[in-house]
Each structure stands twice: as C-alpha cells, then as structure tokens.
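Student:
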C-alpha cells in the first residue's frame with residue numbers, strides 16, 4: 009500500500025489473515041462478485057483486492073492506480089504467494 013500512501017489515496021486495510029471474521033467477510037464478497045470468477049477458475053484466492061466505496065472491485069492494484077492516472081513508483085513484490 010506504499011503507492012497508495014505516496015499518492016495520498018485513502019484506504020482502509022483489512023488483514024484477512026488476522027481473523028476468521030475478516031476472512032469470512034472477504035470470502036463472502038469474493039463468492040458473490042463476478043469480478044473474481046477468473047481468479048477462482050485458476051484457484052487464486054483473490055488477494056489483494058481493492059473495493060471502492062461504490063462497490064467496484066479491482067483485483068489488480070497496479071491497474072487501479074494506472075486508471076487513476078498514477079504511475080507505479082514502489083513495487084512491494086508478490087502478495088500472498090509462496091516464493
């Protein structure tokens with residue numbers, strides 16, 4: 009989220025691995041939103057995901073920033089992957 013911080017983009021971070029409640033909220037959203045269908049088909053859990061206030065979901069934070077006219081300045085590496 010360093011890129012979001014750099015550009016002053018407000019967000020609320022929800023650590024889905026920190027509690028079963030957070031994971032449950034995320035999985036319910038993921039299972040009900042067709043934007044995740046492609047990811048589920050390839051057995052990807054869908055982390056990270058950006059949910060805007062209007063309910064629009066992005067599963068690719070880089071694309072989200074680019075659509076906002078921002079360039080990627082800090083690469084954090086892979087998210088939720090085993091290296």
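Numbering (this note's numbering), first residue to last: 9 to 91. Cβ atoms here follow ideal geometry from the backbone N, Cα and C, with glycine treated the same way. If you're wondering where the values come from, they're calculated on a predicted model, not measured in any experiment.
(1) Since residue 81 and residue 30 are thought to touch, with beta carbons under 8 angstroms apart, how far apart are those beta carbons, to the nearest angstrom?
(2) Exposed or buried, residue 27, counting other C-beta atoms within 10 Å across all chains shown (16 or more means buried)?
(3) Quick one: grab the DSSP three-state call for residue 33.
(4) When the distance is taken between beta carbons, is residue 78 closer than 7 angstroms to residue 15?
(5) Report yes if the C-beta distance between residue 57 and residue 67 is below 7 angstroms; otherwise report no.
(6) Hey, how far is the Cα of residue 51 from the Cα of residue 83?
(7) Using a 10 Å radius around the Cβ and a threshold of 16 neighbouring Cβ atoms, would you call residue 24 buried or exposed?
Tutor: Taking the definition as stated:
(1) Position 73 of the chain shown, counted from the first residue, corresponds to residue 81. Position 22 of the chain shown, counted from the first residue, corresponds to residue 30. Between residue 81 and residue 30 the beta-carbon gap is near 28 angstroms, outside 8 angstroms, which marks them as no contact.
(2) For the purposes of this step, residue 27 is identified with residue 19 of the chain shown, where counting begins at 1. In this structure residue 27 is exposed. Its beta-carbon is surrounded by fewer than 16 other beta-carbon atoms within 10 angstroms.
(3) In the chain shown, residue 33 corresponds to position 25, counting from 1. In the displayed model, residue 33 falls within a helix according to three-state DSSP.
(4) Position 7 of the chain shown, counted from the first residue, corresponds to residue 15. Position 70 of the chain shown, counted from the first residue, corresponds to residue 78. Yes.
(5) Mapped onto the chain shown, residue 57 falls at position 49. Mapped onto the chain shown, residue 67 falls at position 59. Between residue 57 and residue 67, the C-beta gap is smaller than 7 angstroms, which places the two residues in contact.
(6) Numbered from its first residue, the chain shown carries residue 51 at position 43. Numbered from its first residue, the chain shown carries residue 83 at position 75. In a straight line, the C-alpha of residue 51 is about 24 angstroms away from that of residue 83.
(7) For the purposes of this step, residue 24 is taken as residue 16 along the chain shown, with counting starting at 1. Classification of residue 24: buried, given that the 10 Å Cβ count is 16 or more.
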